[in-house]
Ligand SMILES: [Zn+2]
Ligand SMILES: [Zn+2]
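Numbering (my numbering), first residue to last: 239 to 375.
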């Protein structure tokens, strides 16, 4: 099996890397979807059920190595505010006050649910639900 190129370098996230550099982050109130335009031209889509379900904070995930999907109710999927942190991550504050999730940009790229990435995920039977654990960035 060949390894994914670039995997080794993911812990050394450079803000120069266009794959991990958001140009625009849009999360209009009421849409339950956040969109990120990346510097390499990729346009990511994130349903809020996915974002909240994969919240990487210790409170949601404990300290296991992988980030699992956790089912959330509808009223937990509204975003109050968000901000970028140190040029490497996105911090999301949810409407219910939950604000400890820090989503690194490499993690967000793996979480992408745009048509292109979703189709790629569906090619693998294991990933059909899009709810497989994701290794921590
Ligand atoms: Zn959390
Ligand atoms: Zn995508």
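Positions of the beta carbon are idealized from the N, C-alpha and C atoms, including for glycine.
Taking 7 Å as the limit between beta carbons, can you name the residues of its chain near residue 327, skipping five residues before and five after?
Excluding positions up to five away in sequence, the list reads 340, 341, 342, 343.
Less than 8 Å between the CB of residue 336 and some heavy atom of ligand 1, yes or no?
Yes, the Cβ of residue 336 comes within 8 Å of a heavy atom of ligand 1.
Count the other CB atoms within 10 Å of the CB of residue 323; is the residue buried (16 or more) or exposed (fewer)?
Per the 10 Å Cβ criterion, exposed.
Which one of 284, 337, 348 has the shortest CA to CA distance from residue 371?
Checking every option, the nearest Cα to that of residue 371 belongs to 348.
Counting only the same chain and skipping the five closest in sequence on each side, list residues whose C-beta sits under 8 Å from that of residue 329.
Here the set comprises 320, 321, 322, 323, 337, 339, 340, 341.
Can you grab the Cα-Cα spacing for the pair residue 297 / residue 305, in whole Å?
C-alpha separation (whole angstroms): 12 Å.
Rounded to whole angstroms, what's the CA-CA distance from residue 361 to residue 259? Just pull it up for me.
In a straight line, the C-alpha of residue 361 is about 27 Å away from that of residue 259.
Would you say residue 308 and residue 333 are within 9 Å of each other, going by their C-beta atoms?
No. Outside cutoff.
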